[in-house]
Amino acid sequence: MQERDMINDAITTTKASLEMYNKAITECANQQLRSTLQQLRNEAEQFQYQLFQIAQQKGYYTPAPPANSNDIQQVKSGLTGGGMK
Numbered sequence: 002m003q004e005r006d007m008i009n010d011a012i013t014t015t016k017a018s019l020e021m022y023n024k025a026i027t028e029c030a031n032q033q034l035r036s037t038l039q040q041l042r043n044e045a046e047q048f049q050y051q052l053f054q055i056a057q058q059k060g061y062y063t064p065a066p067p068a069n070s071n072d073i074q075q076v077k078s079g080l081t082g083g084g085m086k
C-alpha cells in the first residue's frame, strides 16, 4: 500500500469516527459520558487536521480555491436569515 493510500484511508476512517462521535454526543443524556465523548471527538478532529496537513503538504490533496467575498456574504446572509423573504 502506498503512503498516499494510507494517509487517505486514515483521513476517511477518522472522518467516519467524527460522525459517530457527533451522533453519540447528540443522543447522550449522561453528562460525564457526553463530556468524554466530546473530548474524544476533539482529539479526533485534531488528528484529522494533522493528517489533512500532511496530505496537503505532500500534494495528496488540493483544496478547492477560496470563495470570493461576495459568495461568502451571500451564503452567510442566507444562513442568518438575511436573505430569506
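Every letter in the sequence shown is one number past the one before it in my numbering, and letter 60, counting from 1, is 61.
Cβ coordinates follow ideal geometry from the N, Cα and C atoms, glycine included.
| Query | Result |
| --- | --- |
| Should A56 and L19 be called a contact, given that it needs their Cβ atoms to be closer than 9 Å? | no |
| I'd like to know if the region 54-70 and the region 30-42 are in contact, where contact means that at least 3 CB-CB pairs between them fall below 8 Å. | no |
| Just curious, the alpha helix (DSSP H) that A45 is in, first and last residue? | Q32 to Q58 |
| Tell me where the alpha helix (DSSP H) around N23 begins and ends. | E4 to T27 |
| Between F53 and Y62, how many whole angstroms is the CB-CB distance? I'm expecting something under 8 Å. | 7 Å |
| Where G82 and Q75 are concerned, what is the direct C-alpha to C-alpha distance, given to the nearest angstrom? | 11 Å |
| If you count every other CB in all the chains shown that lies within 10 Å of the CB of T50, and 16 or more means buried, which is it? | Residue 50 is actually Tyr in this sequence, not Thr. Exposed is the call here. |
| Report the three-state DSSP secondary structure of G82 (helix, strand or coil). | coil |
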